[in-house]
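One structure is given below, encoded as structure tokens.
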Amino acid sequence: MPVTLRAKCLIVGDSAVGKSALTQVFHSDGAHFPKGYSMTVGVELCVKNISIPDTNDTVELYIYDTAGKETYSDYAQQAWEHPSVMMVVMDVTNENSFMACNRWVERVKAKAGQHIPGVFVANKTDLEGRRVVERNKAEEFAKGKGLEYFECSAKEQNNTDAPFYYLANAYYKLYQERVEVMKTIAS
Amino acid sequence: MFDVALAEAGAQVPIATSSDENFPPENIIDGKSETFWATTGLFPQEFIITFTALMSLEQIKINCYQVKGLAMERSIENEPVNFEPMCEKELCPSDASLQMEEFSGENSSAKHLKFVIKSGYDHFVSVHKVCVNGMASRE
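If you read the protein sequences in the order shown, they are chains V and Z.
Residues 141 to 327 in our numbering are what the first sequence lists, from first letter to last.
Residues 25 to 163 in our numbering are what the second sequence lists, from first letter to last.
The structure is reproduced here in structure tokens:
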């Protein structure tokens with residue numbers, strides 16, 4: 141019988157960077173990109189199963205799409221408890237959204253209280269002409285924070301699945317490592 | 025007085041909230057601390073041990089790893105329903121060895137014991153052995 145792991149994936153970042161768009165494109169297998177902007181209040185939850193390559197196992201991702209506006213973040217404090225993995229999102233056309241990422245990462249880390257796998261996602265790469273955040277700067281930040289770096293466009297549905305797959309696989313690997321420790325401790 | 029939570033003694037684990045067939049919940053009641061039940065992510069996690077009959081509980085011992093918040097509940101019904109809280113404790117972390125905790129059963133009676141792992145020191149925790157000293161209740 142295959143194993144199903146469960147992970148809570150917290151998606152954070154400034155408002156309007158595309159957290160909900162990424163979540164919805166991924167969750168709908170690319171069937172749905174929200175064309176109009178609708179601000180997330182509190183938190184929205186969706187669940188998706190991800191198959192782990194070369195196994196029959198899956199990771200059930202509980203994706204918590206959180207509000208980027210501070211006004212709403214107190215609201216949803218409970219949703220922030222005990223994250224398993226994190227996704228920090230910025231908009232490549234918005235320098236401030238990049239500057240804010242340090243605060244978002246630290247906040248999630250404080251909530252987690254332990255190491256959790258994470259990705260740093262640079263969204264809206266389709267707006268090449270308006271891009272202000274350079275790739276090497278973003279990569280450097282990700283590296284410094286121990287996050288895997290991805291560039292994507294939720295609008296063009298380009299590379300949007302990759303960060304989610306990365307997180308599911310990293311979590312799966314963590315489980316494999318932990319049960320090895322359990323075996324060693326018990327013997 | 026003997027360990028009534030052994031599979032050999034007829035005990036069962038009818039419900040557990042995680043199942044990896046390599047680390048099944050039956051490992052909790054096989055009497056060995058080398059084998060274990062692993063949780064597969066998120067909290068709370070629960071499992072129930074069902075005894076062959078209504079038991080009077082003297083002492084409950086649990087060997088586990090990375091467990092933080094742990095609560096126990098008991099039920100005297102035939103089916104595992106109507107659980108009442110018994111005790112709750114925050115366990116100390118133990119990196120290099122198993123956690124070993126003892127609880128007094130206070131001679132209360134139970135047909136089923138529910139263990140609720142409310143939180144952990146890691147994403148995944150393991151329960152290696154539960155030992156319940158008790159005897160068939162006269163009630």
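For every residue, glycine included, the Cβ atom is placed at its ideal position computed from N, Cα and C.
Please read all numbers here as calculations on a predicted model, not as lab measurements.
- Task: Just tell me which of Phe107/Z, Val156/Z, Glu101/Z and Ala31/Z has its CA closest to the CA of Lys138/Z.
- Result: Phe107/Z
- Message: For Cys292/V, which residues in the same chain have their Cβ closer than 8 Å to its Cβ, ignoring the five residues on either side in sequence?
- Response: Leu162, Val261, Ala262, Asn263, Thr265, Asn298, Asn299, Thr300, Ala302 and Pro303
- Item | Backbone CA spacing between Gln164/V and Ser128/Z [nearest angstrom] | 50 Å
- Boundaries of the alpha helix (DSSP H) in which Glu200/V is found, first to last residue: Not the alpha helix (DSSP H): Glu200/V falls in the beta strand (DSSP E), residues Thr198 to Thr206.
- Query: For the stretch 244-265 of chain V, which residues have a beta carbon sitting closer than 7 Å to at least one beta carbon of chain Z?
  - Reply: Gln254
- Could you tell me whether any Cβ in chain V is nearer than 8 Å to the Cβ of Leu66/Z? yes
- Query: Between Ser121/Z, Val37/Z, Leu78/Z and Ala40/Z, which lies nearest to Cys88/Z when the distance is taken from Cα to Cα?
  - Reply: Ser121/Z
- Where does Gln164/V sit, in a helix, a strand or coil, going by DSSP? helix
- Item | Ile141/Z versus Arg270/V: straight-line alpha-carbon distance, rounded | 50 Å
- Item | Interface partners of Glu50/Z on chain V, CB under 9 Å | Per Cβ cutoff of 9 Å: no residues; Glu50/Z is ~14 Å from chain V at best.
- Item | Coarse secondary structure for Ala310/V, derived from DSSP in three states | helix
- Query: How is Ile53/Z classed by DSSP in three states: helix, strand or coil?
  - Reply: helix
- Item | For Phe281/V, the first and last residue of its enclosing beta strand (DSSP E) | Where Phe281/V is concerned, there is no enclosing beta strand (DSSP E), although the alpha helix (DSSP H) it sits in stretches over Arg275 to Lys285.
- Message: Alpha carbons only, please: which of Gly144/Z, Met159/Z and Val156/Z is nearest the one belonging to Arg318/V?
- Response: Gly144/Z
- Just grab the DSSP bridge partners of Gly93/Z for me. Glu114/Z
- Item | Uninterrupted beta strand (DSSP E) stretches inside the stretch 246-278 of chain V (no shorter than 3 residues) | 258-263
- Message: With the cut-off set at 8 Å, would you say Met79/Z and Ala40/Z are in Cβ contact?
- Response: no
- Cβ atoms of Pro174/V and Ser155/V: under 8 Å apart, would you say? no
- Label Pro117/Z either buried or exposed according to how many other C-beta atoms from any shown protein chain fall within 10 Å of its C-beta, with 16 as the threshold for buried. exposed
- Message: Taking the beta carbon of Leu307/V as the centre, do at least 16 other beta carbons fall within 10 Å, making it buried, or is it exposed?
- Response: buried
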